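Undergrad:
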Amino acid sequence: MAVAKKRPTLTKDHGFCAGCGHGLFIRLLHEVLDETGYAGNFICVDGVGCSSNYFMATTKGSAIESHHGKAPTIARGVKLARPETLVFTYQGDGDAYVIGLSETLNAAHFGAPITTFVINNNNYGMTGGQMSWTTLPGQKTTTSPGGRNPEQTGLPIDPLQMAARFDAVAYAARGALNSPRNINMAKKYIRKAIELQIRDGKYAIVELLSPCPTDWNMAPVKAIEWIDQEVTKYYPLGEFKGTEE
Amino acid sequence: MKKLMKGNEALAEGAVRGGAMLFAGYPITPQSEVMEYLSWRMPELGRFFQQTESETAAMFTVYGARQAGMRTFTSSSAVGISLMQEAISGMCAKSIPGVFANVQRCGPGLGFALEGQGDYLRDTRGGGNGDYRVIILAPNSVQEMMDFAYEAFELSEKWRNPVEILSEGKIGQMMEPVELPEFKPTARAIDGMDGVPAEVLLDHENPNFVKNLGDKIAAMEEAEQRWELYRCEDAETIFVAFGLPSRTSRGAVDKLRENGEKVGLLRVISAWPFPRKGFEALPDTVRNFITVESCVAGQVLEDVLIATKRVTKFHDAKVYGLYSGAVAAKVGQIMEKYYAVQNGNCKEGF
Ligand SMILES: Cc1ncc(C[n+]2csc(CCOP(=O)(O)OP(=O)(O)O)c2C)c(N)n1
Ligand code: SF4
Ligand SMILES: [Mg+2]
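Residue numbers (the working numbering), protein chains in the order written: chain C, 56 to 300; chain G, 2 to 351.
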């Protein structure tokens, strides 16, 4: 028999689309915050995108709204001012890997004592499903109506693996929010990243592949299958840095 | 034959027909349809569509391609146009033409994403470093979205200066029938210097450089003012508005005229240069001006105050403002404001 889990203290009903991964991420995050004892001592710097709706999905908590792509830089400022507080960014792929690529990699490069979470749904969810640098070859979006053409717009970008190569990055992992097994793994990654900041003041980045049924024009079930079948071809799951311990 | 089109699509098609060979841009509400439309329309015509990594990159792509002789276009909104300011300032400094559209929202920061007129002051004053001016046309219909984008290319080449289409989310979203103009050429050399950087033409070492830029601004100011007067004969109160509020203000003028009130409308078409000459054309009977704007603190108001200073006969006129926030003021709200001013229940707007 399945046992109903206790709802994390910070969690409340959210306004994300049915089948969206954002709500799952927030649930896992809140569980980890309860377990680490930081539910009352964190600041979330949310990116511009569907993650901007974080404030609607939490009972209380401290969220700072950022500008598009700038969350890591704002988080650096927050952490300098509040070194005892857990500070993380919660961004989309467009936010962290396209317009904010420079901010993401610069923060990683010198090991800013913050944690970055990227919800990668292979498109710009909030603005109606435009192409992102993470969009798969052939994937149709509102700005790649014929499917993404890698000859003109490149192959899906993987800043997580770039960051993993920087000395100052303590941990880099990619999970997926599409099956009980993957969701359990994702929670481990989130926890590990957060503990590295709490314990050692180290930079970590965790990317989570996430369904966006609305802008993919797919039923939720199809969307979670598509992650296994297609997205993981370009975005393999696992820990790319910091597996030891 | 007229075609029913959405404002943002008309804007995009107007740019295509005006000669845009390249579109570079980044998604942002309420402008995204412009680039979504061009993502298939440009390749269909064998032209270039580039989704860039940011608005900064979009404008610098325009900056490069236009110097090399290609007609270029970008569009964005609100904070996205803030990211373009570095490139816009650079284009003005180097006298590079180019066309961009701002489908506005309201409010600072991320603002209200759907509509508004929050960027008037930033855009009419330049917005980036140094003093420069961008010619700004403000449509109030889907047809004008098309027409202004269409003619903006030649206008920007005439002055070798960027031209902006200052629109609003709601105009971008609404649908109206439009007449489609003929296609124009996609390339035009800047002063016969096709492929040669325009910098070569504008010699920064020349001690007259700043003066030349100042002279150019003054000449544009004199030549490019555009406005429309509506029922202003014998008027005592004039509404001043651009974009969508200029349409609701027109409705308010009709209603108030029915009630026997002496009111008229000065519709601002060129947000820069501000149509001071339109004020000169008004009758001497005018005592009050009321700006009608979708913003929070009064922006057109500042230009009306300057205009009353510059047009001698209005030195003593009073200037009021109706700031309706993100949503354009409705006819009833405008009438209410008018009567409040008449009854002495309003402070002047400064
Ligand atoms: C400078 C700037 N440009 C554009 C936008 C419009 N915008 C808001 S959210 C967004 C895309 C978000 O995509 P992503 O980061 O992948 O998040 P998702 O919604 O997919 O989770 C864009 C382009 C903006 N807010 N600011
Ligand atoms: S648009 Fe996509 S990412 Fe945004 S809430 Fe809906 S499903 Fe989630
Ligand atoms: Mg996304």
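Where a beta carbon is used, it is the ideal one built from N, C-alpha and C, also for glycine.
All figures in this text were calculated on a predicted structure; none of them were measured in a lab.
1) Could you tell me the distance, in whole angstroms, from the CA atom of glycine 196 (chain G) to the CA atom of alanine 224 (chain G)?
2) Is it the case that the Cβ atoms of glycine 299 (chain G) and glycine 322 (chain G) are separated by a distance below 8 angstroms?
3) Between valine 293 (chain G) and lysine 3 (chain G), which are expected to be in contact by the criterion C-beta below 8 angstroms, what is the C-beta distance as a whole number of angstroms?
4) Can you tell me the Cα-Cα spacing of histidine 125 (chain C) and glycine 155 (chain C), whole angstroms?
5) List, in chain order, every chain G residue whose beta-carbon is nearer than 8 angstroms to that of isoleucine 154 (chain C).
6) What are the uninterrupted segments assigned as beta strand (DSSP E) that are 3 or more residues long and contained completely in the segment 76-144 of chain G, given in chain order?
7) Report all residues for which the CB-ligand distance to some heavy atom of ligand 2 is below 6 angstroms; order them along the chain.
8) How would you list, in chain order, the residues of chain C whose beta-carbon sits under 8 angstroms from the beta-carbon of serine 247 (chain G)?
9) Just to confirm my understanding: we take glutamate 200 (chain G), look at its own chain, exclude 5 residues before and 5 after, and list those with CB closer than 6 angstroms. What are they?
10) Drop a sphere of 10 angstroms on the beta-carbon of glycine 76 (chain C), count the other beta-carbons inside from all chains shown, and report buried for 16 or more, exposed for fewer.
11) Between the alpha carbons of proline 198 (chain G) and valine 153 (chain C), how many angstroms are there, rounded?
12) Run through DSSP, which three-state label would phenylalanine 165 (chain C) get?
13) Grab the span of the alpha helix (DSSP H) containing proline 235 (chain C) for me, first residue to last.
14) Taking 6 angstroms as the limit between beta carbons, can you name the residues of its chain near threonine 113 (chain C), skipping five residues before and five after?
15) Output the distance between the C-alpha atoms of isoleucine 212 (chain C) and phenylalanine 50 (chain G), rounded to the nearest integer angstrom.
16) Over what stretch of residues does the beta strand (DSSP E) that includes valine 164 (chain G) continue unbroken?
17) Does methionine 36 (chain G) have its Cβ less than 8 angstroms from a Cβ in chain C?
18) If I'm right that glycine 65 (chain G) touches serine 90 (chain G) with Cβ under 8 angstroms, what's the distance once you round it to whole angstroms?
19) Please report the straight-line C-alpha distance between aspartate 148 (chain G) and tryptophan 228 (chain G), rounded to a whole angstrom.
20) When you compare only the Cα positions, how much space is there between tyrosine 290 (chain C) and alanine 139 (chain G)?
21) Buried or exposed: which applies to aspartate 216 (chain G), given that a residue is buried once 16 or more other Cβ atoms fall within 10 Å of its Cβ?
22) According to DSSP, simplified to helix, strand and coil, what is aspartate 101 (chain C)?
23) Does any heavy atom of ligand 1 sit closer than 7 angstroms to the C-beta of tyrosine 258 (chain C)?
24) Check this for me: beta carbons of proline 127 (chain C) and lysine 257 (chain C), under 8 angstroms apart or not?
25) Answer with buried or exposed for lysine 348 (chain G), where buried requires no fewer than 16 other C-beta atoms within 10 angstroms of its C-beta.
26) Please list the residues of the segment 61-83 of chain G that have a C-beta atom closer than 7 angstroms to any C-beta atom in chain C, keeping them in chain order.
27) Can you give the beta carbon distance from glutamate 34 (chain G) to glutamate 10 (chain G), rounded, assuming they're within the 8 angstroms contact cut?
28) Which partner residues of leucine 141 (chain C) appear in the DSSP bridge assignment?
29) What number of angstroms, rounded off, separates the C-alpha of lysine 242 (chain C) from the C-alpha of serine 157 (chain G)?
30) At the level of alpha carbons, what is the spacing between valine 142 (chain C) and glycine 183 (chain C)?
31) Between glutamine 102 (chain C) and ligand 1, is the CB less than 7 angstroms from at least one heavy atom?
32) Closer than 9 angstroms, Cβ to any Cβ of chain G: which residues of the segment 198-214 of chain C, in chain order?
33) Within 7 angstroms: the Cβ of glutamate 56 (chain G) and any heavy atom of ligand 1?
TA: With the structure as the only source:
1) For glycine 196 (chain G), the pLDDT reaches just 42, beneath the cut-off of 50, and the residue's location in the model is therefore unreliable, although a value from the coordinates is still provided. Answer to the nearest angstrom: the Cα atoms are 29 angstroms apart.
2) In this structure, glycine 322 (chain G) lies closer than 8 angstroms to glycine 299 (chain G) by Cβ.
3) Not quite, the Cβ-Cβ distance comes to about 29 angstroms (not below 8 angstroms), so this is no contact.
4) A small correction: the amino acid at residue 125 (chain C) is lysine; histidine does not occupy that position in the sequence shown. Distance between the alpha carbons of lysine 125 (chain C) and glycine 155 (chain C) is about 6 angstroms.
5) Near isoleucine 154 (chain C) (Cβ distances below 8 angstroms), the residues of chain G are Tyr27, Glu54, Ser55.
6) 99-105, 136-138
7) Shown in chain order are the residues whose CB sits closer than 6 angstroms to a heavy atom of ligand 2: C:Phe71, C:Cys72, C:Cys75, C:His77, C:Cys105, C:Asn176, C:Gly180, C:Met181, C:Cys267, C:Pro268, C:Thr269, C:Asp270.
8) Here the premise fails: no neighbours, minimum Cβ distance about 28 angstroms.
9) In this prediction, glutamate 200 (chain G) has a pLDDT of 45, which is less than 50 and means its spatial position is unreliable; nothing more can be read from the coordinates.
10) buried
11) Reliability fails at proline 198 (chain G), whose pLDDT of 42 lies under 50, so the model's placement of it is uncertain and the value that follows must be treated cautiously. If you take the alpha carbons of proline 198 (chain G) and valine 153 (chain C), they lie about 29 angstroms apart.
12) coil
13) 235-255
14) Leu65.
15) 20 angstroms
16) 163-169
17) yes
18) Contact flag wrong, Cβ pair sits at about 15 angstroms.
19) 15 angstroms
20) 45 angstroms
21) exposed
22) strand
23) no
24) The answer is no: Cβ separation not under 8 angstroms.
25) exposed
26) Val80
27) The pair is a contact, with the Cβ atoms about 6 angstroms apart (cut-off 8 angstroms).
28) C:Phe97
29) 55 angstroms
30) 29 angstroms
31) The sequence shown places glycine at residue 102 (chain C), rather than the glutamine named in the question. Yes, the beta carbon of glycine 102 (chain C) sits closer than 7 angstroms to at least one heavy atom of ligand 1.
32) Thr198, Ser199, Pro200, Gly201, Gln207, Thr208
33) At a cut-off of 7 angstroms, the beta-carbon of glutamate 56 (chain G) counts as near ligand 1: some heavy atom of the ligand is closer than that.
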